[in-house]
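Read the structure below first, then the notes.
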Amino acid sequence: MNVSDRIWVAFGCDGGFAPHLAATIASVVRYTPANRLHFLILQESLDERQRASIQAVARGADFTWIDMAEFKLPDYQVSNHITYATLFRLGLEQLAPEACKRLIYLDADLVVMADLQELWNVDLNGATIGGIPDAGLCKDIPSVDHHWLEWVDDKDAAYMNAGVMVIDLDRVRREGGFSKALDFIAERGADLPYQDQDAINRVYWNQWTYLPLEWNVQRFQLIKGFQPYFSAETLAALEHPKIVHFTGPEKPWNMEGYHSWWWVYWQALADTPYLNQVRKAHGISRWRLFRIWLRWLKRRPKSASAQGNFPGAVFKG
Numbered sequence: 001m002n003v004s005d006r007i008w009v010a011f012g013c014d015g016g017f018a019p020h021l022a023a024t025i026a027s028v029v030r031y032t033p034a035n036r037l038h039f040l041i042l043q044e045s046l047d048e049r050q051r052a053s054i055q056a057v058a059r060g061a062d063f064t065w066i067d068m069a070e071f072k073l074p075d076y077q078v079s080n081h082i083t084y085a086t087l088f089r090l091g092l093e094q095l096a097p098e099a100c101k102r103l104i105y106l107d108a109d110l111v112v113m114a115d116l117q118e119l120w121n122v123d124l125n126g127a128t129i130g131g132i133p134d135a136g137l138c139k140d141i142p143s144v145d146h147h148w149l150e151w152v153d154d155k156d157a158a159y160m161n162a163g164v165m166v167i168d169l170d171r172v173r174r175e176g177g178f179s180k181a182l183d184f185i186a187e188r189g190a191d192l193p194y195q196d197q198d199a200i201n202r203v204y205w206n207q208w209t210y211l212p213l214e215w216n217v218q219r220f221q222l223i224k225g226f227q228p229y230f231s232a233e234t235l236a237a238l239e240h241p242k243i244v245h246f247t248g249p250e251k252p253w254n255m256e257g258y259h260s261w262w263w264v265y266w267q268a269l270a271d272t273p274y275l276n277q278v279r280k281a282h283g284i285s286r287w288r289l290f291r292i293w294l295r296w297l298k299r300r301p302k303s304a305s306a307q308g309n310f311p312g313a314v315f316k317g
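This is the structure in structure tokens:
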């Protein structure tokens with residue numbers, strides 16, 4: 001395959017998130033052949049051993065590693081689940097190789113469950129960015145802090161989750177869109193709970209195009225108390241998710257809160273060298289994993305009905 005025909009997939013990551021990035025990449029190559037992919041990793045503090053382990057997960061793919069240590073970013077207030085590395089995506093405008101004209105951006109706390117070629121081929125309809133509304137910040141949920149309303153004009157437009165985006169990077173460069181986002185963070189950062197996501201929404205408010213909703217199925221969609229606020233289309237995406245995104249502080253590896261689909265993360269992690277490291281670091285027993293698997297069998301989406309064979313690989317080691 002010609003290198004120019006490859007699908008560019010970008011991530012921002014620091015050393016602490018290396019195992020979870022590896023799991024996400026493992027899930028990608030389960031459905032998309034590695035030789036069709038070019039991974040662009042904006043990173044800080046990933047050592048050579050970690051890079052080699054991640055690349056081994058996707059043999060045949062191209063990797064470009066960009067060191068963010070010297071890139072000037074605004075000061076950032078780290079929260080309990082949003083790290084400084086989330087700002088790295090805003091470096092794509094200036095740091096991505098010139099050959100990268102278009103890319104898929106993914107957070108490293110998600111699992112891909114379909115061929116990314118379909119997402120790569122999506123028509124952006126003249127927009128710079130394609131994304132999906134943030135289910136946890138749905139404007140129809142009264143208990144949500146609609147903090148963004150003070151800096152937007154159209155109060156009825158949706159707030160985008162920036163964890164899955166298809167980006168026309170050439171247009172971002174021409175518009176200086178991510179530079180504007182960095183300026184907004186420098187100006188208003190203390191008032192922005194979601195920092196770069198808030199800034200991207202501010203710059204591209206009501207100017208991004210909707211991707212099919214199954215490409216970013218989020219935790220809040222699975223919580224029954226919130227489901228009455230979502231459209232039928234949003235809930236229908238639960239039956240055939242193509243990306244499962246573990247939004248919020250409740251992650252599969254820390255076992256806080258509840259998520260009926262945690263299993264897909266552990267299944268992906270089993271295809272990396274990090275399974276036992278993560279399991280032991282967080283005190284997760286094989287019995288706990290077995291219960292997570294049983295929960296998955298009970299609550300899995302219809303499209304996953306063929307994926308219920310006993311998952312021996314996860315229990316090895």
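Going by our numbering, the sequence shown opens with residue 1, and the numbers climb by one from there. Every residue gets a Cβ at the ideal spot worked out from N, C-alpha and C, and that includes glycine.
- Proximity to E93 across G176, R6, P212 peaks at G176, based on C-alpha coordinates.
- Only exposed fits G257, as fewer than 16 other CB atoms lie within 10 angstroms of its CB.
- The continuous beta strand (DSSP E) containing I41 extends over residues 37-44.
- In this structure, DSSP gives G15 a helical state, which the three-state scheme calls helix.
- Proximity to T32 across L119, A108, R171, G12 peaks at L119, based on C-alpha coordinates.
- Within the region 98-164, the runs of alpha helix (DSSP H) that reach at least 4 residues and sit entirely inside it are, in chain order, 116-120.
- In this structure the region 259-268 lies against the region 290-301, because at least three pairs of beta carbons, one per stretch, are closer than 8 angstroms.
- Here I7 really is in contact with L116; their C-beta atoms are around 6 angstroms apart, less than 8 angstroms.
- Beta-bridge analysis with DSSP links W8 to H38.
- DSSP, reduced to helix, strand and coil, places Y31 within a helical segment of the structure shown.
- I284: not part of any beta strand (DSSP E); DSSP gives it neither H nor E.
- Going by beta carbons, V244 and V111 fall inside the 7 angstroms limit.
- DSSP lists G131 as the beta-bridge partner residues of Y210.
- Rounded to the nearest whole angstrom, the CA to CA distance from D196 to A181 is 7 angstroms.
- In the DSSP assignment, V217 is bridged to V244.
- Less than 7 angstroms divides the Cβ of I129 from the Cβ of Y204.
- Under DSSP, W65 shares a beta bridge with I41.
- Put simply, of R51, H38, S27 the residue whose alpha carbon is nearest the alpha carbon of D14 is R51.
- L238 and D153 have their C-alpha atoms roughly 32 angstroms apart.
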